[in-house]
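Numbering (our numbering), first residue to last: 33 to 135.
Here a beta-carbon is modelled for each residue, glycine too, at the ideal position from N, C-alpha and C.
Remember, predicted model here, so these are calculated numbers, not experimental data.
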């Protein structure tokens, strides 16, 4: 059986429920992380890293971060967690199972 993919979601909502600004923060943050890719994967300036993807969850701008980034580039992982902490953003941990469901 394949190991599940663990992810964190950085939500664009503070612990007090305020919407984080600017409105394109998720795209900017994922853009900064675009250079981090699996070994051997060609980098393109027009695509996001498979480890950090901006998304919209229930109307809230968010960034999904694959935990495999931690092993690939620990400082990038730390940067993302520090960004969330410094801006008082909510973090949710999820686990993607091999069949595509979340746990």
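One or two residues paired with residue i in a DSSP bridge
i, result
"residue 126", "39"
"residue 121", "46"
Start and end residues, beta strand (DSSP E) containing residue i
i, result
"residue 86", "84-89"
"residue 94", "92-98"
Test item: CB-CB of residue i and residue j under 7 Å
i, j, result
"residue 52", "residue 108", "no"
"residue 62", "residue 83", "no"
"residue 40", "residue 125", "yes"
"residue 120", "residue 47", "yes"
"residue 85", "residue 92", "no"
"residue 44", "residue 94", "yes"
Run of the alpha helix (DSSP H) containing residue i, from where it starts to where it stops
i, result
"residue 118", "106-118"
"residue 62", "57-64"
Exposed unless 16 or more other CB atoms sit within 10 angstroms - verdict on residue i
i, result
"residue 37", "exposed"
"residue 58", "buried"
"residue 103", "exposed"
"residue 65", "buried"
"residue 98", "buried"
Option nearest residue i by Cα separation, candidates the options
i, options, result
"residue 100", "54, 60, 71", "71"
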